[in-house]
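Peer 1:
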């Protein structure tokens, strides 16, 4: 539900939201989520929670997703010095991975006692708590200069800024295709479990749990990568994830593919933190929220498109071959990006300081 409303919100509301401080952007997103999600249990209790209303409330809750994420990571850049941003970003991404592990398990336990509608209300309450915590930060954080170029208020200005920064545009393109080639995994893995392994939801849940645990551990060990160049590490992560999918094609035992999925999570863990840190370090402060919102809007489309493509691939090739094709495509992506990176680094003259297009 997040992709379409979130991407649309990034473009439509940019004119008004760009000039808000990062702290307020995050708070506005939290309050909107709390309001929309909080209406779900109220509508259910009143007997008016029809499917159309339910979908509309979920869509409304995610309209400012890209701006809220931009505010969150801009706040990190404002509060912390450059050398502390990577560990902070890693903590954020690891927390998100941990929530994917613990959240469904907790929801499954609570759903035996209360209606799922009240669980969504509990989710709404969590956003109220987050908004209250953000408001306690006060106005002491460093804000972007008040003299920011007027063009930053335009919805598409972040994308124009990215076109002027080849390194950031490159990491955005790499991330987009990385997420896109991951999309078919969402379709193929459940069918691999049911059709190839003839197993149930417990096995599928174990795959995702192992991946999540690996991602948490990988994110928390990102400090070991701090002194390494960002691009080689990022490309190695992309290639490493692709390699972990290849054993599915070879008919490896389930225990081996379990291990590969856990290893895949461990490899992927630092990726998000590295990507955001690069954006924080390379983007002028007065452009950061706009650029991060543009990044978020673009990436929100990648995995859903890949998932949509996964259906025809599974129908034509089967689950196991689709997983392998996803892995091979990801490996090709890493190799192609390595070639483009080498060409850009050694085949073009150095550029001066990059400024946003007007």
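In the numbering used here, the protein residues as written are 8 to 365. C-beta: ideal position from N, C-alpha, C; glycine also. Owing to the predicted nature of the structure, the values given are computational and were not obtained by experimental measurement.
What's the C-alpha gap between residue 53 and residue 67?
Peer 2: Looking up residue 53 in the chain shown gives position 46. Looking up residue 67 in the chain shown gives position 60. Distance between the alpha carbons of residue 53 and residue 67: 20 Å.
Peer 1: Closest by CA to residue 219, which one among 292, 180, 271?
Peer 2: Here residue 219 corresponds to residue number 212 of the chain shown, with the count starting at 1. Minimum Cα distance to residue 219 is reached at 271.
Peer 1: From 227, 269, 296, 260, pick the residue whose C-alpha is nearest to that of residue 85; which is it?
Peer 2: Along the chain shown, read from residue 1 onward, the residue named residue 85 stands at position 78. The shortest Cα separation from residue 85 among 227, 269, 296, 260 belongs to 296.
Peer 1: Note the first and the last residue of the continuous alpha helix (DSSP H) segment covering residue 193.
Peer 2: Position 186 of the chain shown, counted from the start, is the residue given in the question as residue 193. Run containing residue 193: 173-198, per the alpha helix (DSSP H) assignment.
Peer 1: Grouping DSSP H, G and I as helix and E and B as strand, with all else coil, what is residue 386?
Peer 2: Outside the shown range of the chain, which is 8 to 365, sits residue 386, and nothing can be said about it.
Peer 1: By how many angstroms is the C-alpha of residue 293 removed from the C-alpha of residue 152?
Peer 2: Counting from one through the chain shown, the residue named residue 152 turns up at place 145. Counting from one through the chain shown, the residue named residue 293 turns up at place 286. Note on residue 152: pLDDT 46, under 50, position unreliable in the model; the coordinate value appears next. Between residue 152 and residue 293, the C-alpha separation is close to 6 Å.
Peer 1: Assign residue 204 to one of three DSSP states: helix, strand, or coil.
Peer 2: In the chain shown, counting from the first residue as 1, residue 204 sits at position 197. In the structure shown, residue 204 sits in coil (DSSP, three-state: anything other than H, G, I, E or B).
Peer 1: If you run the structure through DSSP and keep just helix, strand and coil, what is residue 72?
Peer 2: Translated into the one-based positions of the chain shown, residue 72 becomes position 65. Of the three classes helix, strand and coil, the one that applies to residue 72 here is helix, per DSSP.
Peer 1: Just checking, does the segment 224-244 make contact with the segment 96-103 on the three C-beta pairs under 8 Å criterion?
Peer 2: Short answer: they touch.
Peer 1: If you draw a straight line from the C-alpha of residue 173 to the C-alpha of residue 204, how long is it?
Peer 2: Indexing the chain shown from 1 puts residue 173 at position 166. Indexing the chain shown from 1 puts residue 204 at position 197. Rounded to the nearest angstrom, the two C-alpha atoms are 44 Å apart.
Peer 1: With a CB to CB cut of under 7 Å and the five nearest residues on each side skipped, what residues in its chain are close to residue 92?
Peer 2: Against the chain shown, residue 92 aligns to sequence position 85. If we look at residue 92 and ignore the five residues flanking it on each side, its Cβ neighbours are 83, 84, 284, 287.
Peer 1: For the alpha helix (DSSP H) holding residue 36, just list the boundary residues, first then last.
Peer 2: The residue labelled residue 36 in the question sits at position 29 within the chain shown. Its alpha helix (DSSP H) spans residues 29-53.
Peer 1: In whole angstroms, what separates the C-alpha of residue 167 from that of residue 99?
Peer 2: Along the chain shown, read from residue 1 onward, the residue named residue 167 stands at position 160. Along the chain shown, read from residue 1 onward, the residue named residue 99 stands at position 92. Using only the alpha carbons, I get a separation of about 28 Å.
Peer 1: Hey, how far is the Cα of residue 341 from the Cα of residue 183?
Peer 2: By 1-based counting over the chain shown, the position of residue 341 is 334. By 1-based counting over the chain shown, the position of residue 183 is 176. Using only the alpha carbons, I get a separation of about 12 Å.
Peer 1: Is residue 23 helix, strand or coil by DSSP?
Peer 2: Sequence index remark: in the chain shown, residue 23 carries index 16 (1-based). Residue state, collapsed to three classes: helix.
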